[in-house]
């Protein structure tokens, strides 16, 4: 076995859907449906023979309501043969990247030459949970749990919303409200400028949304706002005061500077360098290394630092 057979690479042609806002333009698509769009596009754009695909690995955090075997749904829906196995991986925010890492590890180990990997999520489609119904509610009211919060945004160890941990992180790292708002503004401005300059056109797959009497096409990310300002961001109230540790006096996180709730999917093709060269495929990048790390639950947002150090 040659060295090139064990060198993992990303092939040119990775694809993603636009990133839709929560309850926005992509809200009627399930995560596997969005994943299928990305998978099909990445296969077509990369120029590979789909019959050579040996596995599909897709990250997905909240699988409730998505149906059995979400990654396999995305694979088959994306045109990958039914004989190709698929794996759904959940590493919360790192699920999609972990899928790519697993693909690279399989190539490096000599277990595969060609794998489709990515991530998919429909936060809009996550159901609410009505507990107690299996045995019957005997008496009194029964409330519902929001599956998006319970399985996606709530720490099962610290019994805390991720927004509360964001406040803890800002306090520990010395991030002020002004600094967070300024960073958020620059982020919106850069995203809008990049979109207007066409930087995302080679990666975004336009998605057709069928309505009763018409069909619309979504081909841009919905969350970036070019009309926001520091003044507008500064007027927003902190969103997680009740979830933050009691000792925090300056609350930082608002709806304007926090990550949004979104729907979307992305897919890349991980191959061995030997496979890419043998088939005349264009390589986007060599995968030379990767790492993960874990921390105390409340320090989860510092984990990437430890991963880089690893």
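In the working numbering, the protein residues as written are 268 to 577. Idealized CB from N, CA, C, for every residue including glycine.
Under the three-state reduction of DSSP output, residue 485 falls in the strand class. Boundaries cannot be given for residue 390, as no beta strand (DSSP E) includes it and DSSP labels it neither H nor E.
Nearest to residue 370 by C-alpha distance, out of 521, 470, 503 and 537, is 537.
DSSP, reduced to helix, strand and coil, places residue 477 within a strand of the structure shown. Under a 10 Å Cβ-count criterion, residue 404 is classified as exposed, with fewer than 16 other Cβ atoms of the shown protein chains found around its own Cβ. Boundaries of the beta strand (DSSP E) harbouring residue 278: 275 to 278, taken from the DSSP string. In the DSSP assignment, residue 459 falls within the alpha helix (DSSP H) that extends over 444 to 463.
If you draw a straight line from the Cα of residue 547 to the Cα of residue 531, it comes to about 30 Å. Annotation: residue 389 to residue 271 spans about 37 Å, alpha carbon to alpha carbon.
Its Cα nearest to that of residue 473, the residue 486 stands out among 486, 466, 463 and 323.
According to DSSP, residue pairing for residue 353 in a beta bridge involves 323.
Short of 6 Å from the beta carbon of residue 375, and not among the five residues preceding or following it, lie these beta carbons of its own chain, in chain order: 273 and 275. By the neighbour-count criterion, in which a residue is buried when 16 or more other Cβ atoms sit within 10 angstroms of its Cβ, residue 502 is exposed.
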